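Below is one structure, written out as structure tokens, with a few remarks after it.
Number of protein chains: 2
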Amino acid sequence: MDVKTRDMMGGLAKGLKVIEAFSAERPRLSIAEASQLTGYDRATVRRCLLTLSELGYCAYDGKFFTVTPRVLRLGTGCLAAMPLPKIVQPWLDDLSEQTGQSTSVSILDESDIVYVARAAQRRVMSISLMPGSRLPAYCTSMGRVMLSALPVEQAEDLLSLKPLVARTAKTVTDIETLKGELLRIRDRGYACIDQEVEIGLRSLAVPLFGPRGQVVAALNIGLAASEEPMQAVADRYIPSLLKVQKELTGISG
Amino acid sequence: MDVKTRDMMGGLAKGLKVIEAFSAERPRLSIAEASQLTGYDRATVRRCLLTLSELGYCAYDGKFFTVTPRVLRLGTGCLAAMPLPKIVQPWLDDLSEQTGQSTSVSILDESDIVYVARAAQRRVMSISLMPGSRLPAYCTSMGRVMLSALPVEQAEDLLSLKPLVARTAKTVTDIETLKGELLRIRDRGYACIDQEVEIGLRSLAVPLFGPRGQVVAALNIGLAASEEPMQAVADRYIPSLLKVQKELTGISG
DNA sequence: GTCTCTTTGTACGATTATCGCACAAAACGA
DNA sequence: TCGTTTTGTGCGATAATCGTACAAAGAGAC
Chain A
1 MDVKTRDMMG GLAKGLKVIE AFSAERPRLS IAEASQLTGY DRATVRRCLL
51 TLSELGYCAY DGKFFTVTPR VLRLGTGCLA AMPLPKIVQP WLDDLSEQTG
101 QSTSVSILDE SDIVYVARAA QRRVMSISLM PGSRLPAYCT SMGRVMLSAL
151 PVEQAEDLLS LKPLVARTAK TVTDIETLKG ELLRIRDRGY ACIDQEVEIG
201 LRSLAVPLFG PRGQVVAALN IGLAASEEPM QAVADRYIPS LLKVQKELTG
251 ISG
Chain B
1 MDVKTRDMMG GLAKGLKVIE AFSAERPRLS IAEASQLTGY DRATVRRCLL
51 TLSELGYCAY DGKFFTVTPR VLRLGTGCLA AMPLPKIVQP WLDDLSEQTG
101 QSTSVSILDE SDIVYVARAA QRRVMSISLM PGSRLPAYCT SMGRVMLSAL
151 PVEQAEDLLS LKPLVARTAK TVTDIETLKG ELLRIRDRGY ACIDQEVEIG
201 LRSLAVPLFG PRGQVVAALN IGLAASEEPM QAVADRYIPS LLKVQKELTG
251 ISG
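Here it is, written out as structure tokens:
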């Protein structure tokens, strides 16, 4: 019998998949919907949801299930364990104050970037980002920086996981173009995004290195779009980012 | 057979408890430690952890398990489903800018408050708070505001869940004193905290009401401690808080 | 109002995955 | 080196899970 199946607890795996079925678009699920989303039998999903309700992770109004704030507890172990946010926050605050722009640090989780710390200035993005928020890696400066640090095949695998959606008219969705850009980023040491996530938003990012030189996170700065050439903007801000990068080199994820 | 036991999936419940065993103090767990923390048999915990590793929620270095950022996905459904952060963030930003102080919104999860949105100014707290962060309700202004909205017995139950620790010399830990304070807060409509969480930190909070008049969250402002009487500080800032409270009345959790 | 379609709740037997013990191996510390 | 603790693995008994089946309850349609 295979190692992967011998010590697998099916009930646990199913339950977690059910929790993940609750998304931004579908915050309220009926049993039938959850069954459809997860692909599990209705009876199975029902047992999962009732169990989760009994444990306080879900609430049931007789018709729909919703996840309660208690599920956030499951993430605390990770967030609290991570020394990264605590360490980088002062640097983010400084950088944000110096430049007058929003700064963030994120890590890579498969094909998503996850914000772990942030110092916000005036709102330029329409969506509100906070630690725990996710954005796809392919169209963000931090995502591209982290993807560029991976072996090419691995980056390609991650890019293939989900369809590359054009969030704006400027979003690069051609995988070959993206691969070329990743190589350029690796050489150059930083990534630029010009309104590929959202119209009006530009962004610059550099990698943050761990104790063994590996890329553990990315640091970025968000800017309002302007007539100014992207390169001029990069020339102005990248030195500050590289300075923080240098001071934070050696941190552990 | 009881409803509570008939449709309970033991494996799921155990796995979730194992995930919660990873805390800020214990981010890395061996099988034996996790077994001790959860009270489950070592073999059971091992199966849970191997399952979680296989699913990507845990990482195993051959000796210790750690939770990966993937567990944060479990919370996204809740955070994204919650309209609260998106709605309140602009108000928080405004309030923070006007007053020059940090502002936050949190909700109650059992005996903890959970930050769901925050606009930070200069750092006055030593600990860095972010959405998803938790603090005990009994010693925070937002926690007391939300506790004061509950029926007395229910508030008492929540206060009894965990020991009331004196975080500073000023922390109120006597449950009768706390109950009296909750009544005062309910009458007055706001809560004041003077260095009970941390020396040097004062805080004011008001409740936020949902569409049916129920308390769904709390709004606060954090201030550096000073010689000024707490009442004078409250008189200065509470009107601004109440203004935001009024504008946000009717929001859903 | 009735009819149909979908969804939910419940029951139950077969199956299978889970449990916890027990033992071997390995790591650890003295 | 030895003793202790922890980890990995095998296995039989057990109990929990699975999915089907059916009744009941809504939800629409007409």
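Line by line, the protein sequences are chains A and B.
1 is the number of the first residue of the first sequence in UniProt numbering; add one for each residue after it.
1 is the number of the first residue of the second sequence in UniProt numbering; add one for each residue after it.
Glycine included, every Cβ here is placed at the ideal spot set by N, Cα and C.
These figures come from a predicted structure and were not determined experimentally.
* For Val215 (chain A), count neighbouring Cβ atoms within 10 angstroms of its own Cβ and tell me buried if that reaches 16, exposed if not. => With 16 or more other Cβ atoms within 10 Å, it is buried.
* Asked: Would you say Ser23 (chain B) reaches chain A, if we count a Cβ-Cβ gap shorter than 8 angstroms as a contact?
  -> yes
* Is Ile19 (chain B) close to chain A, meaning its C-beta is less than 8 angstroms from at least one C-beta of that chain? -> At a cut-off of 8 angstroms between beta-carbon atoms, Ile19 (chain B) makes contact with chain A.
* Using a Cβ cut-off of 8 angstroms, pull out every chain A residue sitting near Asp61 (chain B), in sequence order please. => By Cβ distance, chain A contributes nothing, its closest Cβ being about 13 angstroms from Asp61 (chain B), past 8 angstroms.
* **Contact list for Asp109 (chain B) against chain A, beta-carbon separation under 8 angstroms** => Thr68, Pro69, Arg70, Leu72, Arg73
* Asked: So what's Asp61 (chain A) in DSSP terms, helix, strand or just coil?
  -> coil
* To do: Count the other C-beta atoms from every protein chain shown that fall within 10 angstroms of the C-beta of Thr249 (chain B), then say buried if there are 16 or more, exposed otherwise.
  => That one is exposed.
* Unbroken beta strand (DSSP E) run spanning Ala117 (chain A), endpoints -> Annotation for Ala117 (chain A): the continuous beta strand (DSSP E) segment containing it runs 112-119.
* Asked: How would you call Arg118 (chain B), buried or exposed, if buried means at least 16 neighbouring beta carbons within 10 angstroms?
  -> It is buried - the Cβ of Arg118 (chain B) has at least 16 other Cβ atoms within 10 Å.
* With respect to the beta strand (DSSP E) encompassing Thr173 (chain A), which residues constitute its N-terminal and C-terminal limits? -> Here Thr173 (chain A) belongs to no beta strand (DSSP E), and DSSP marks it neither H nor E.
* **Range of the contiguous alpha helix (DSSP H) that encloses Thr99 (chain B)** => 84-99
* Reduced DSSP category for Thr66 (chain A) - H, G, I as helix; E, B as strand; rest coil -> strand
* To do: Please say whether Thr99 (chain B) and Tyr190 (chain B) have beta carbons closer to each other than 8 angstroms?
  => no
* **Alpha carbon of Arg134 (chain A) to alpha carbon of Thr173 (chain B), nearest angstrom** => 39 angstroms
* Asked: Where Leu84 (chain A) and Pro229 (chain A) are concerned, what is the direct C-alpha to C-alpha distance, given to the nearest angstrom?
  -> 33 angstroms
* For Val215 (chain B), decide whether its Cβ has a neighbour in chain A, counting only Cβ atoms nearer than 8 angstroms. => no
* **Helix, strand or coil at Gly75 (chain B) [DSSP, three-state]** => helix
* To do: Measure the Cβ-Cβ separation of Glu153 (chain B) and Thr171 (chain B) and say whether it is below 8 angstroms.
  => no
* To do: Compute the beta-carbon to beta-carbon distance between Leu92 (chain B) and Val105 (chain B), rounded to the nearest angstrom, for a pair I have assumed lies under 8 angstroms.
  => 6 angstroms
* Asked: How would you write the range of the alpha helix (DSSP H) that Gly11 (chain B) sits in, first residue to last?
  -> 10-21
* Okay, do the stretch 200-215 of chain B and the stretch 143-150 of chain B touch, 3+ Cβ pairs below 8 angstroms being the bar? -> yes
* By Cβ distance below 8 angstroms, which residues in the same chain neighbour Leu79 (chain A) in space, the five residues on each side in sequence not counted? -> Pro85, Val116, Pro131, Gly132
* Quick one: what's Ser102 (chain A) bridged to in DSSP? -> Ser102 (chain A) pairs with A:Gly222.
* Asked: Listed in chain order, which residues of the stretch 140-168 of chain B have Cβ atoms closer than 8 angstroms to some Cβ of chain A?
  -> Of all residues in the stretch 140-168 of chain B, none has a C-beta nearer than 8 angstroms to a C-beta of chain A.
* Asked: To which residues of the same chain is Val67 (chain A) closer than 7 angstroms at the C-beta, ignoring the five residues directly before and after it?
  -> Within the same chain, Cβ atoms closer than 7 angstroms to the Cβ of Val67 (chain A) are found at Ile19, Phe22, Tyr57, Cys58, the five residues on either side in sequence being excluded.
* Asked: What span of residues does the alpha helix (DSSP H) with Asp157 (chain A) cover, start to end?
  -> 152-161
* Of all Cβ atoms in chain A, is any one closer than 8 angstroms to the Cβ of Val114 (chain B)? -> yes
* **Residues that Met230 (chain A) contacts on chain B, provided the C-beta gap is smaller than 8 angstroms** => At a C-beta separation below 8 angstroms, Met230 (chain A) has no neighbours in chain B, since its nearest C-beta there lies roughly 27 angstroms away.
* What does a CB cutoff of less than 8 angstroms around Met1 (chain A) pick up in its chain, not counting 5 residues either side in sequence? -> Residue placement at Met1 (chain A) is flagged as unreliable, the pLDDT there being 42, under the threshold of 50; the coordinate-derived value follows with that caveat. For Met1 (chain A), where only same-chain residues beyond five positions count, there are no Cβ hits under 8 angstroms.
* To do: Give a yes or no on whether 8 angstroms exceeds the smallest Cβ distance from Thr76 (chain B) to chain A.
  => Yes, contact with chain A.
* Let me know if Ser141 (chain A) comes out buried or exposed under the rule of 16 or more other beta-carbons within 10 Å of its beta-carbon. => buried
* **Contact set for Glu247 (chain A): own chain, Cβ-Cβ below 8 angstroms, skip 5 residues either direction** => Trp91
* Asked: Taking Cβ-Cβ distances shorter than 8 angstroms, what residues in chain B pair up with Gly10 (chain A)?
  -> Gly11
* Could you check where the alpha helix (DSSP H) with Val197 (chain B) kicks off and where it finishes? -> Unbroken run through Val197 (chain B): none, as it is neither H nor E.
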